[in-house]
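One structure is given here, and the rest of the page talks about it.
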Amino acid sequence: MKLQDLANKLFLHTVSCDKGLSKDVSGGYVSDLLSDVLANCAEGSVWITLQKHTNIVAVASLKNLTGIIIVGGRELEEEVLKQAEAKEVTIMTSPMSAFETAGMVYQLLHESKGSEESC
Amino acid sequence: MNRTIEGSFQLIGGDFTNAGESSMQLKQKLTEIELGKDIIKKAAVVAFEAEMNVIIHAAAGWLRYYITKQELRIVIEDMGPGIADIELAMKEGYSTAPEWVKNMGWGAGMGMANMKRNCDEMKVDSVVGEGTTIDIIINLNNS
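Read top to bottom, the protein sequences are chains G and F.
Under my numbering, the first sequence has 5 at position 5, and the numbering climbs by one with no breaks.
Under my numbering, the second sequence has 1047 at position 47, and the numbering climbs by one with no breaks.
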């Protein structure tokens, strides 16, 4: 499924690198520990977190993640958004909790994989 | 490729704003010379964890890389507090990072283990009060 579809269905607010919305999402990961994401998050995933400092951009870039969803209605600082734009990392925000966001992402990915298989 | 391709990046302790920059540049370089996806993935994790260790714990350091036909070697040398007990530092979950660094999601005691898991050889040398050198080799032939 495309990141754009996911963003639409979850009413996510895209705050950096719109052009990344055309990328495919192959999975998801929830963690606020950056080393855990480096160790365990698969390429092409969306990463759900409440961390919003500049290091998340490097993590997403180095791990080839499709995007980051910042939960809990947190706002990002201009510096972080600039960095994300420069490194072409798509960041989206949501007022929902990590639990709700992950549940919806899981369901949508599950459904989309099911429909791809039946085609 | 018979010659060695090499390069280095300077790391500044406490510079969280530019953390990851060296690793991203290294990843870019490895992508340019087409080292292979799995190698690049491993190197990105190794380099970033090493870079973060320097930024969190040391005053300054260097990340150097050497690429030959057989291997990618990454050497991280810092002027830092040093590691008193290397075996303990390698243990998953052990960290001496300050609380505010932990609040950023670093300092979970996973970094050294992440580095070890993503390389073929890892050597840690440290002198308390002087600094730490981590020498890492990723073999290029068995990917």
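Where is the CB? At the ideal position from N, CA and C, for every residue including glycine.
Here the structure is a predicted model, which means the values were calculated and not measured.
Are there 16 or more other CB atoms within 10 angstroms of the CB of residue i, so buried, or fewer, so exposed?
i, result
"residue 1065/F", "buried"
"residue 1143/F", "Its pLDDT being 46, under 50, residue 1143/F is placed unreliably by the model, and nothing is read from it."
"residue 54/G", "buried"
"residue 1049/F", "buried"
"residue 1095/F", "buried"
"residue 1033/F", "exposed"
Rounded to whole angstroms, how far is the Cβ of residue i from the Cβ of residue j, which I believe are closer than 8 angstroms?
i, j, result
"residue 1141/F", "residue 1070/F", "6 angstroms"
"residue 84/G", "residue 57/G", "5 angstroms"
"residue 1119/F", "residue 1037/F", "So it is not a contact: roughly 16 angstroms between Cβ atoms."
"residue 1106/F", "residue 115/G", "Actually they do not touch by this definition, with Cβ atoms about 39 angstroms apart."
"residue 1004/F", "residue 1067/F", "7 angstroms"
"residue 127/G", "residue 6/G", "Since the first residue shown for chain G is 1 and the last is 119, residue 127/G is missing from the structure and cannot be characterised."
Identify which residue in the options has its Cα closest to the Cα of residue i.
i, options, result
"residue 1/G", "89/G, 66/G and 60/G", "66/G"
"residue 26/G", "19/G, 42/G, 56/G and 35/G", "42/G"
"residue 15/G", "71/G, 101/G and 34/G", "71/G"
"residue 64/G", "98/G, 52/G and 90/G", "90/G"
"residue 88/G", "111/G, 115/G, 33/G and 62/G", "62/G"
"residue 10/G", "60/G, 111/G, 112/G and 95/G", "95/G"
"residue 1021/F", "1110/F, 1051/F, 1099/F and 1092/F", "1051/F"
"residue 1098/F", "1073/F, 1074/F and 1109/F", "1109/F"
"residue 1136/F", "1047/F, 1034/F, 1095/F and 1032/F", "1047/F"
"residue 39/G", "1045/F, 1054/F and 1031/F", "1045/F"
"residue 1078/F", "1129/F, 1090/F and 1117/F", "1129/F"
"residue 33/G", "1117/F, 1101/F, 1132/F and 1138/F", "1101/F"
"residue 37/G", "1111/F, 1084/F, 1087/F and 1009/F", "1111/F"
Let's see if you can read the secondary structure: which residues bound the alpha helix (DSSP H) around residue i?
i, result
"residue 1060/F", "That residue, residue 1060/F, is in no alpha helix (DSSP H); its beta strand (DSSP E) goes 1060 to 1067."
"residue 1031/F", "1021 to 1032"
"residue 1056/F", "1037 to 1057"
"residue 5/G", "3 to 9"
"residue 56/G", "55 to 62"
"residue 37/G", "34 to 40"
Go to residue i, then tell me how far its beta strand (DSSP E) extends in each direction, as first and last residue.
i, result
"residue 1073/F", "1071 to 1079"
"residue 1006/F", "1005 to 1012"
"residue 47/G", "45 to 49"
"residue 87/G", "Neither: residue 87/G is in no beta strand (DSSP E) and is coded neither H nor E."
"residue 1139/F", "1131 to 1139"
When you compare the CB of residue i with every CB in chain B, is at least one pair closer than 9 angstroms?
i, result
"residue 97/G", "Absent from the structure is chain B; the protein chains it does hold are G and F."
- Determine, using beta-carbon pairs with one atom in the segment 1122 to 1142 of chain F and one in the segment 1018 to 1028 of chain F, whether at least three such pairs fall under 8 angstroms. no
- Query: Any contact of the segment 1054 to 1065 of chain F with the segment 1007 to 1019 of chain F, i.e. 3+ C-beta pairs under 8 angstroms?
  - Reply: yes
- the segment 26 to 35 of chain G touching the segment 48 to 58 of chain G, judged by at least three CB pairs closer than 8 angstroms: yes
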